[in-house]
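Have a look at the structure below, then the notes.
Protein chains in written order, with my numbering: chain A, 1 to 160; chain B, 1001 to 1311.
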């Protein structure tokens, strides 16, 4: 998994040289595990660059408050995203609904030049909205009844 | 995690984990209110009626703003401009409003227990915005939020509640909440304005001496004299009250420490609090008002999530 994360970080760098006009935003709570590691990798590569790094909670933008109540986490975006290239980071891309909510939440902070999506796991045949990732750690073919969980402490991805 | 109740009638019915959940959610809403777009779509399909049978500035505006910033649809009702003056009962009024598909009711009423009565008869979620001399739960929650923000914690914090304890729903809700969260509470005021058995009933300390109380506390929550609820003479005059229990700069400067001053509003400057105290940097009165919106957003959000499960 460490190698995969390293590759994701380098792919992001390849497309955004020196991260001049680019910021990185992790989606709370589980996307932040991945974004922390990617930002760490990028810092190793570019030790002198300051990286715009924020965290976004999408609880209040969900479309399922009538089904299930989620508890909010901290949103912390200490910079303007107006005109920036934003790389959104999450651990698992599944139905696409979280990404949809994240896009809505993000646009309330300003008008970015471009938004890209980076995920560790892409459950590629279970999308419910027209959303595709730009950077993918691993693609998994799974059916709806299965669950995918990324266990960061054990450094593994569990399918059950 | 969710609230243990589907209405917010009073702090009395909440558990300490309910209170923590509301305060924690309010912190996230406070961050939302700092954004360029101070609005989230959480309650897009929820309709809320604000039913005010008693006058209010802060609470009504605060609820209305909270509702609008959650994207709920809002209807405002004030008793004086409605069919209540033609003799319609509370239950009939509410049932008529509910038949137009309203999901939540925010109500202020001069009769203690009015929202509890309503809760037994209607399916919509009810938020008590103050009932008579009973409770004002969202005020207590925003006071607690403000104390936590200023001091860092509630547990072990020494809070003095000063003034007309007898007729104050703010005092009662604050005492319930602070005791549940492990704070230390002293009530202070003229003996005629403090209920006789409050020490035994609510487990608080009582001190009739203002200076001693201020010297003891970390936070002083100063209350207004509720003249509209008093039907007998309980103290000789407002001037006399002000001399014995009014908080002024000289008194605060004579203490050996810096205490935090709070007031739920509306203030009667020169009676319970002097202008040089109310506008000083020890006072967090305007922060209380600011936090009120975030706290009310948290309450409405958590109750909307709760009431949707029963549908």
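A virtual CB, placed ideally from N, CA and C, is assigned to each residue, including glycine.
All of these numbers come straight from a predicted model, not from anything done at the bench.
Hey, is residue i's beta-carbon within less than 8 Å of any beta-carbon in chain B?
i	result
residue 5 of chain A	no
residue 53 of chain A	no
residue 65 of chain A	yes
residue 110 of chain A	yes
residue 56 of chain A	no
residue 135 of chain A	no
residue 99 of chain A	no
Report the rounded CA-to-CA distance for residue i versus residue j, giving the unit in angstroms.
i	j	result
residue 1197 of chain B	residue 1191 of chain B	11 Å
residue 90 of chain A	residue 1146 of chain B	34 Å
residue 85 of chain A	residue 57 of chain A	19 Å
residue 1310 of chain B	residue 1021 of chain B	Confidence at residue 1310 of chain B is low in this model, with a pLDDT of 49, below 50, so the placement of that residue should be treated as unreliable; the coordinate-derived value is given next. The straight-line gap from Cα to Cα measures roughly 20 Å.
residue 1172 of chain B	residue 1274 of chain B	24 Å
residue 1322 of chain B	residue 61 of chain A	Any answer about residue 1322 of chain B is impossible in this case: the structure gives chain B only from 1001 up to 1311.
residue 148 of chain A	residue 70 of chain A	19 Å
residue 36 of chain A	residue 1188 of chain B	51 Å
residue 1002 of chain B	residue 1018 of chain B	8 Å
residue 1010 of chain B	residue 1055 of chain B	20 Å
residue 1064 of chain B	residue 1050 of chain B	8 Å
residue 9 of chain A	residue 44 of chain A	10 Å
Less than 8 Å between CB atoms is the rule here; does residue i satisfy it with respect to chain A?
i	result
residue 1031 of chain B	yes
residue 1035 of chain B	yes
residue 1001 of chain B	yes
residue 1304 of chain B	yes
residue 1300 of chain B	no
residue 1028 of chain B	yes
residue 1115 of chain B	no
residue 1042 of chain B	yes
The alpha helix (DSSP H) spanning residue i covers which residue range?
i	result
residue 1072 of chain B	Premise fails: residue 1072 of chain B is in no alpha helix (DSSP H) and is neither H nor E.
residue 1229 of chain B	Premise fails: residue 1229 of chain B is in no alpha helix (DSSP H) and is neither H nor E.
residue 22 of chain A	Premise fails: residue 22 of chain A lies in the beta strand (DSSP E), 22 to 27, not in any alpha helix (DSSP H).
residue 1176 of chain B	1169 to 1180
residue 1201 of chain B	1198 to 1202
residue 39 of chain A	31 to 45
Can you tell me where the beta strand (DSSP E) holding residue i begins and where it ends?
i	result
residue 1185 of chain B	1184 to 1188
residue 1158 of chain B	1158 to 1162
residue 1130 of chain B	1125 to 1131
residue 1087 of chain B	From DSSP, residue 1087 of chain B is part of no beta strand (DSSP E); its letter is neither H nor E.
residue 55 of chain A	52 to 56
Output needed for residue i: all residues of its chain with C-beta closer than 7 Å, excluding positions within five of it in sequence on either side, in chain order.
i	result
residue 1016 of chain B	1180 and 1181
By the three-class DSSP mapping on this structure, what secondary structure does residue i have?
i	result
residue 1311 of chain B	Note that residue 1311 of chain B has pLDDT 43, beneath the 50 cutoff, so the model's placement of it is unreliable and the number below is only indicative. Looking at residue 1311 of chain B - three-state DSSP - the assignment turns out to be coil, as it is neither helix nor strand.
residue 1044 of chain B	coil
residue 1 of chain A	coil
residue 1284 of chain B	coil
residue 1121 of chain B	helix
residue 89 of chain A	strand
residue 1242 of chain B	helix
residue 1153 of chain B	coil
residue 94 of chain A	coil
residue 1304 of chain B	helix
residue 1052 of chain B	strand
residue 104 of chain A	helix
residue 129 of chain A	coil
residue 1297 of chain B	helix
residue 1221 of chain B	strand
residue 135 of chain A	strand
Beta-carbon within less than 6 Å of residue i's beta-carbon, same chain only, minus the 5 sequence neighbours each way: which residues are those?
i	result
residue 1078 of chain B	1052
residue 134 of chain A	116 and 117
residue 1205 of chain B	1186
residue 1039 of chain B	1069
residue 1125 of chain B	1006, 1007, 1104, 1303 and 1307
Excluding the five sequence neighbours on either side, which residues of its own chain have a C-beta within less than 8 Å of the C-beta of residue i, listed in chain order?
i	result
residue 1222 of chain B	1162, 1163, 1247, 1261, 1262, 1263, 1272 and 1273
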